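Student:
Number of protein chains: 2
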Amino acid sequence: MKFIKTPVKGMCDMLPADMRLREHILQMIKTSYAAYGFMQIETPVMEHIENLTSKQGGDNEKLIFKVMKRGADLTRAIEAGKQEFADNGLRYDLTVPLARYYANNKEKLPTPFKALQIGNVWRADNPQKGRFRQFTQCDIDILGDDTNLAEIELVAATSDMLSQIFSEVGITDFTIHINDRQILRAAALQAGFDEEAIGSVLISLDKYDKIGLDGIRKELIENGYAEEVVTRYLSIYESLQGDVTCGDFCKDIAEEYLDRKVVDGVDDIISCAKAMINEHVKITFDPTLVRGMGYYTGTIFEISIDGYNFSIAGGGRYDKMIGKFCGQDVSACGFSIGFERIITILKDKLETVTPVSEKNLAILIGKNVSLDRKLEIFKRAKALRAEGTTVTIQPMRKNMKQQIEKLEAEGFKEFEKVYND
Amino acid sequence: MKFIKTPVKGMCDMLPADMRLREHILQMIKTSYAAYGFMQIETPVMEHIENLTSKQGGDNEKLIFKVMKRGADLTRAIEAGKQEFADNGLRYDLTVPLARYYANNKEKLPTPFKALQIGNVWRADNPQKGRFRQFTQCDIDILGDDTNLAEIELVAATSDMLSQIFSEVGITDFTIHINDRQILRAAALQAGFDEEAIGSVLISLDKYDKIGLDGIRKELIENGYAEEVVTRYLSIYESLQGDVTCGDFCKDIAEEYLDRKVVDGVDDIISCAKAMINEHVKITFDPTLVRGMGYYTGTIFEISIDGYNFSIAGGGRYDKMIGKFCGQDVSACGFSIGFERIITILKDKLETVTPVSEKNLAILIGKNVSLDRKLEIFKRAKALRAEGTTVTIQPMRKNMKQQIEKLEAEGFKEFEKVYND
Numbered sequence: 028m029k030f031i032k033t034p035v036k037g038m039c040d041m042l043p044a045d046m047r048l049r050e051h052i053l054q055m056i057k058t059s060y061a062a063y064g065f066m067q068i069e070t071p072v073m074e075h076i077e078n079l080t081s082k083q084g085g086d087n088e089k090l091i092f093k094v095m096k097r098g099a100d101l102t103r104a105i106e107a108g109k110q111e112f113a114d115n116g117l118r119y120d121l122t123v124p125l126a127r128y129y130a131n132n133k134e135k136l137p138t139p140f141k142a143l144q145i146g147n148v149w150r151a152d153n154p155q156k157g158r159f160r161q162f163t164q165c166d167i168d169i170l171g172d173d174t175n176l177a178e179i180e181l182v183a184a185t186s187d188m189l190s191q192i193f194s195e196v197g198i199t200d201f202t203i204h205i206n207d208r209q210i211l212r213a214a215a216l217q218a219g220f221d222e223e224a225i226g227s228v229l230i231s232l233d234k235y236d237k238i239g240l241d242g243i244r245k246e247l248i249e250n251g252y253a254e255e256v257v258t259r260y261l262s263i264y265e266s267l268q269g270d271v272t273c274g275d276f277c278k279d280i281a282e283e284y285l286d287r288k289v290v291d292g293v294d295d296i297i298s299c300a301k302a303m304i305n306e307h308v309k310i311t312f313d314p315t316l317v318r319g320m321g322y323y324t325g326t327i328f329e330i331s332i333d334g335y336n337f338s339i340a341g342g343g344r345y346d347k348m349i350g351k352f353c354g355q356d357v358s359a360c361g362f363s364i365g366f367e368r369i370i371t372i373l374k375d376k377l378e379t380v381t382p383v384s385e386k387n388l389a390i391l392i393g394k395n396v397s398l399d400r401k402l403e404i405f406k407r408a409k410a411l412r413a414e415g416t417t418v419t420i421q422p423m424r425k426n427m428k429q430q431i432e433k434l435e436a437e438g439f440k441e442f443e444k445v446y447n448d
Numbered sequence: 028m029k030f031i032k033t034p035v036k037g038m039c040d041m042l043p044a045d046m047r048l049r050e051h052i053l054q055m056i057k058t059s060y061a062a063y064g065f066m067q068i069e070t071p072v073m074e075h076i077e078n079l080t081s082k083q084g085g086d087n088e089k090l091i092f093k094v095m096k097r098g099a100d101l102t103r104a105i106e107a108g109k110q111e112f113a114d115n116g117l118r119y120d121l122t123v124p125l126a127r128y129y130a131n132n133k134e135k136l137p138t139p140f141k142a143l144q145i146g147n148v149w150r151a152d153n154p155q156k157g158r159f160r161q162f163t164q165c166d167i168d169i170l171g172d173d174t175n176l177a178e179i180e181l182v183a184a185t186s187d188m189l190s191q192i193f194s195e196v197g198i199t200d201f202t203i204h205i206n207d208r209q210i211l212r213a214a215a216l217q218a219g220f221d222e223e224a225i226g227s228v229l230i231s232l233d234k235y236d237k238i239g240l241d242g243i244r245k246e247l248i249e250n251g252y253a254e255e256v257v258t259r260y261l262s263i264y265e266s267l268q269g270d271v272t273c274g275d276f277c278k279d280i281a282e283e284y285l286d287r288k289v290v291d292g293v294d295d296i297i298s299c300a301k302a303m304i305n306e307h308v309k310i311t312f313d314p315t316l317v318r319g320m321g322y323y324t325g326t327i328f329e330i331s332i333d334g335y336n337f338s339i340a341g342g343g344r345y346d347k348m349i350g351k352f353c354g355q356d357v358s359a360c361g362f363s364i365g366f367e368r369i370i371t372i373l374k375d376k377l378e379t380v381t382p383v384s385e386k387n388l389a390i391l392i393g394k395n396v397s398l399d400r401k402l403e404i405f406k407r408a409k410a411l412r413a414e415g416t417t418v419t420i421q422p423m424r425k426n427m428k429q430q431i432e433k434l435e436a437e438g439f440k441e442f443e444k445v446y447n448d
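The listed protein sequences derive, respectively, from chains A and B. Here the working numbering = 1-based position in the first sequence + 27. Here the working numbering = 1-based position in the second sequence + 27.
This is the structure we're talking about:
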């Protein structure tokens, strides 16, 4: 029988130092979100294949790890010859499971319900640097709140948590970008695009950071849109000079395309969030923010750090998704942090590995030390551990130098050598 | 498209109160084991199907959730018609992944290596009360230590951790049972059984708690063993009157069957562990302890609590397993706690759900409260959260009575109602 030493392709073994950093950060996340009243929940890693392929997951549905039917179900599937061999799949995000969870448990939960989910997700993506097939996601969501208190709490909680984490490595400044899908839609309609064109127009606008307005113009014209409409559309965005309020940006968009409540809502979220976020954090209306997922219906947000060309958190309002599981619409708004990206930034900035603990002691015992001396050591270790010192008791190895070096690499500082009698 | 509200068969949605209890206990486990120098590691939930079906997992190998091949690999498998549709599977325990992990990473790890693993495992078992298809396991293992310091540290750490957890619900007394596979083997040989019969004889002895010596006698004779041998075998166990030391139990077993070092080792483990465990905890040599898994090679142990007919922790030495992955033998000894069983006992004993936090406040805001009043509330909430109070800010619902009741059920005690201007 052949044994394979490496992990499954695209997945990682976590070393002790990795785990200490991850656990430390996860604990900060849990404590910080708990202070805002978010309640941690958990769903099974496996979901019914029907739910995972219900068109809520966009392109992620192409990346599902499918779990095979078993026993008689599998035999029947093979005999039928239709290749429907899977009844379950591993979740590719935490949003589809949340929708199912809320539909299944809402009678037992407060309304609104503030959920915190931390868990692994799986995508059969092409593995590349920093992108894995198993990775941790960390989402907060507020279900059943149709007011913008939901957005304010989500933005404040996430910003507060990130300020705490990044302050450990001296990063204090980051930017929260806010926009609204209804504003994106209205600006396109105002310029003269058809309702049906909006999806494709937003795919081009989403490339603003990479290709700029000139690149977007070129792409839109290549896609067959009238030059006149494209010019009118981009003129709305050209007028942007540095910071612009949502009210200013939308002032020329006709009421028939955009309810003024949406505009006031975005400006309110920004001023209320400012009352809670750290003074170093910038919060800004960003009319070019699009975000990929099709399920957003209103506000969208993203957080970026200077010097990194990726966002570290993103989210928005998605009022139409939970209803597909519940049978009745449930307002929903969520914010997801890029946990693996945050860990990458921290590892980048940290100069040493996270040590086992502040106070520690490694006792190395020779193989022929008497029972009485060992008993004395065990009693002392018991007392030290009870008062918070990490104590490891191990046989002294022939190569003690290497033994001690490896322990030092994990953060052990104190060593006691008990030689044979 | 049909959506399914319930979780996958045999798996659970965790409610907030469940999660608070689980997280609280997991934190105690992590802190307690860290004090003994155990280092947390993590492996992917998926393993190569070759590793999972390598005969290390016993009956669990029949319960694997298999993950399907993808893309061209799947097409080839279907065309070949051999039904080898899976390349991976979900792990059914944490021991096989640990063996692979150690083989893959041992150059980067201290020797001996003290590992803590906490993670879910999956078994396609028939779901029944208290038995799930996804459940959490929590294992500590010491790899690369062939002395009985490994057993002593494992037993002391697990006992210490359980004392801390159970003291929260007033349970202080439990019993640690210790035996050695080599003693089980020697007793059978001494009585006159063949080497080949030992596996089957131990399956009968393992039922001691359920059927007693009379039941074992009946079963062994039904299985075709000579009455004379069976009588001699059971006479070794009949002589047990209450507590017996390992030395006493083994005194009539011939040296050719049993190395005296094994006997002294068990008695040493017991006296050394006594120096570290809580005074309420009993530790005893238990000659009828067998434990099911085939991979144990030496010491075995189990922990039981009075009044519950299941063990809450079990483990032992398995010196031959890691070598199958590493290519050279690595001594190994582990202790696994029944995390789900412990949670069941705690839920049974706890009178109230674990509350959100000690200090908390729910602020319910009317829909037409002015921006200025809201800003004042947000600033106050920021200060309260910074000093450790859980504050949730929510829209006041029409049915405020129910809203408050649901929050009270989660442990909220303070409420502030901000009515419309």
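We put the CB at the ideal spot given by N, CA and C, even for glycine. Quick caveat, the model's predicted, so the values are computed rather than measured.
#1: Drop a sphere of 10 angstroms on the beta-carbon of Phe337 of chain B, count the other beta-carbons inside from all chains shown, and report buried for 16 or more, exposed for fewer.
#2: Where do the N-terminal and C-terminal ends of the alpha helix (DSSP H) with Ile53 of chain A fall, by residue?
#3: Looking at the unbroken alpha helix (DSSP H) that takes in Glu178 of chain B, where does it start and where does it end?
#4: Which residues in the same chain have their Cβ closer than 8 Å to the Cβ of Lys234 of chain B, if we skip the five residues on either side of it in sequence?
#5: Hey, is the segment 341–356 of chain A in contact with the segment 388–402 of chain A, meaning 3+ C-beta pairs nearer than 8 Å?
#6: Mapping the DSSP letters down to three states, classify Ser81 of chain B as helix, strand or coil.
#7: Under 8 Å between the Cβ atoms of Asp270 of chain A and Thr315 of chain A?
#8: Are the C-beta of His307 of chain B and some C-beta of chain E separated by less than 8 Å?
#9: Could you check how far apart the C-beta atoms of Ala213 of chain B and Tyr284 of chain B are, in whole angstroms? I think they sit under 8 Å.
#10: Grab the span of the beta strand (DSSP E) containing Ile332 of chain B for me, first residue to last.
#11: Is Leu211 of chain A near Phe201 of chain A, with beta carbons less than 8 Å apart?
#12: Any contact between the segment 313–327 of chain B and the segment 339–346 of chain B? By contact I mean 3 or more CB pairs, one from each, below 8 Å.
#13: Are the Cβ atoms of Phe30 of chain A and Asn78 of chain B separated by less than 8 Å?
#14: Looking at Ile339 of chain A: is its Cβ nearer than 8 Å to the Cβ of Arg368 of chain A?
#15: Got a sec, what are the start and stop residues for the alpha helix (DSSP H) Ser231 of chain B sits in?
#16: Output the distance between the C-alpha atoms of Thr33 of chain A and Ile349 of chain B, rounded to the nearest integer angstrom.
#17: Can you tell me whether Gln161 of chain B is buried or exposed? The criterion is at least 16 other CB atoms within 10 Å of its CB, across all chains shown.
#18: Under a three-way DSSP split, which group does Val94 of chain A fall into?
#19: Closest by CA to Glu88 of chain B, which one among B:Ile105, B:Phe439, B:Asn426 and B:Gly116?
#20: What does Arg344 of chain A pair with, by DSSP beta-bridge criteria?
#21: The alpha helix (DSSP H) that contains Phe276 of chain A, what's its start and end?
#22: Assign Val445 of chain B to one of three DSSP states: helix, strand, or coil.
#23: Taking C-beta to C-beta, are Ala183 of chain A and Ile167 of chain A nearer than 8 Å?
#24: Ile372 of chain B and Tyr335 of chain B - do their beta-carbons sit closer together than 8 Å?
#25: So, helix, strand or coil for Ala148 of chain B, using DSSP?
#26: Does DSSP put Ala113 of chain A in a helix, in a strand, or in coil?
#27: Roughly how many angstroms lie between the CA atoms of Arg287 of chain B and Phe220 of chain B, to the nearest whole one?
#28: Counting only the same chain and skipping the five closest in sequence on each side, list residues whose C-beta sits under 7 Å from that of Ile431 of chain A.
#29: Determine which residues of the segment 159–173 of chain B have a Cβ less than 7 Å from any Cβ of chain A, and write them out in chain order.
#30: Using the beta-carbon count (16 or more within 10 Å), is Ser262 of chain B buried or exposed?
#31: May I ask you to list, following chain order, the residues of the segment 55–68 of chain B that have a beta carbon less than 8 Å from some beta carbon of chain A?
#32: Mark Lys406 of chain B as exposed unless 16 or more other C-beta atoms lie within 10 angstroms of its C-beta, in which case mark it buried.
#33: Hey, quick one: how far does the beta strand (DSSP E) through Val418 of chain B stretch, first residue to last?
#34: Could you give the DSSP three-state label for Lys141 of chain A: helix, strand or coil?
#35: Could you give the distance in angstroms between the alpha-carbon of Val228 of chain A and the alpha-carbon of Ala215 of chain A?
Tutor: Reading from the atomic positions:
#1: By 1-based counting over the second sequence, the position of residue 337 of chain B is 310. With a 10 Å radius around the Cβ and a threshold of 16 neighbouring Cβ atoms, Phe337 of chain B comes out exposed.
#2: Here residue 53 of chain A refers to the residue found at position 26 when the first sequence is read from its first residue. The sequence shown places Leu at residue 53 of chain A, not Ile. Counted as a single uninterrupted DSSP element, the alpha helix (DSSP H) harbouring Leu53 of chain A occupies residues Pro43 to Ala61.
#3: To locate residue 178 of chain B, count along the second sequence from 1; it is residue 151. Residues Leu176 to Ser194.
#4: Within the second sequence, residue 234 of chain B is the residue found at index 207, counting from 1. Gly242, Ile243 and Glu246.
#5: Not touching, per the Cβ criterion.
#6: Your numbering for residue 81 of chain B matches position 54 in the second sequence. Coil, per DSSP.
#7: As a working mapping, residue 270 of chain A is identified with position 243 in the first sequence. As a working mapping, residue 315 of chain A is identified with position 288 in the first sequence. Contact flag unset, no.
#8: Protein chains in the displayed structure are A and B, and chain E is not among them.
#9: Against the second sequence, residue 213 of chain B aligns to sequence position 186. Against the second sequence, residue 284 of chain B aligns to sequence position 257. Confirmed, about 4 Å.
#10: Position 305 of the second sequence, counted from the start, is the residue given in the question as residue 332 of chain B. Where Ile332 of chain B is concerned, there is no enclosing beta strand (DSSP E), given that its DSSP letter is neither H nor E.
#11: As a working note, residue 211 of chain A is residue 184 in the first sequence. As a working note, residue 201 of chain A is residue 174 in the first sequence. Not a contact, by the Cβ cut-off of 8 Å.
#12: yes
#13: Counting from 1 along the first sequence, the entry for residue 30 of chain A is found at position 3. Counting from 1 along the second sequence, the entry for residue 78 of chain B is found at position 51. The answer is yes: Cβ separation under 8 Å.
#14: Position 312 of the first sequence, counted from the first residue, corresponds to residue 339 of chain A. Position 341 of the first sequence, counted from the first residue, corresponds to residue 368 of chain A. Closer than 8 Å, so yes.
#15: Working through the second sequence from its first residue, we reach residue 231 of chain B at position 204. Start and end: Ile225 to Leu232.
#16: On the first sequence, residue 33 of chain A is found 6 positions in, with the first residue counted as 1. On the second sequence, residue 349 of chain B is found 322 positions in, with the first residue counted as 1. C-alpha separation (whole angstroms): 14 Å.
#17: Within the second sequence, numbered from 1, the residue matching residue 161 of chain B stands at position 134. Buried.
#18: As a first step, residue 94 of chain A must be located in the first sequence, where it is residue number 67. In this structure, Val94 of chain A counts as strand in the three-state DSSP scheme.
#19: Residue mapping note: residue 88 of chain B aligns to position 61 of the second sequence, counting from 1. Of B:Ile105, B:Phe439, B:Asn426 and B:Gly116, the residue nearest in Cα terms is B:Gly116.
#20: Walking along the first sequence from the start, residue 344 of chain A turns up at place 317. DSSP, once it has assigned bridges, lists A:Cys360 as partnering Arg344 of chain A.
#21: Translated into positions along the first sequence, residue 276 of chain A becomes position 249. Start and end: Cys273 to Cys277.
#22: Residue 445 of chain B sits at position 418 when you count from the first residue of the second sequence. Correct three-state label for Val445 of chain B: strand.
#23: What you label residue 183 of chain A is simply residue 156 of the first sequence in a count that begins at 1. What you label residue 167 of chain A is simply residue 140 of the first sequence in a count that begins at 1. In this structure, Ile167 of chain A does not lie closer than 8 Å to Ala183 of chain A by Cβ.
#24: Residue numbering aside, residue 335 of chain B sits at position 308 when the second sequence is read from its first letter. Residue numbering aside, residue 372 of chain B sits at position 345 when the second sequence is read from its first letter. Contact flag set, yes.
#25: Counted from its first residue, the second sequence places residue 148 of chain B at position 121. Just to set this straight, residue 148 of chain B is Val in the shown sequence, not Ala. It is a strand residue.
#26: Taking the first residue of the first sequence as position 1, residue 113 of chain A is located at position 86. In this structure, Ala113 of chain A counts as strand in the three-state DSSP scheme.
#27: Translated into the one-based positions of the second sequence, residue 287 of chain B becomes position 260. Translated into the one-based positions of the second sequence, residue 220 of chain B becomes position 193. Arg287 of chain B and Phe220 of chain B: Cα-Cα distance of roughly 21 Å.
#28: By one-based count along the first sequence, residue 431 of chain A stands at place 404. Phe442.
#29: Gln161 and Asp172
#30: Here residue 262 of chain B is taken as the residue at index 235 of the second sequence, counted from 1. Exposed, because fewer than 16 other Cβ atoms sit within 10 Å of the Cβ of Ser262 of chain B.
#31: Lys57, Ala61, Ala62, Tyr63, Gly64, Met66, Gln67 and Ile68
#32: Within the second sequence, numbered from 1, the residue matching residue 406 of chain B stands at position 379. It is exposed - the Cβ of Lys406 of chain B has fewer than 16 other Cβ atoms within 10 Å.
#33: By 1-based counting over the second sequence, the position of residue 418 of chain B is 391. Val418 of chain B -> beta strand (DSSP E) spans Thr417 to Pro422.
#34: Counting from 1 along the first sequence, the entry for residue 141 of chain A is found at position 114. Lys141 of chain A: strand per DSSP, three-state reduction.
#35: Working through the first sequence from its first residue, we reach residue 228 of chain A at position 201. Working through the first sequence from its first residue, we reach residue 215 of chain A at position 188. Rounded to whole angstroms, Val228 of chain A to Ala215 of chain A spans 8 Å at the Cα level.
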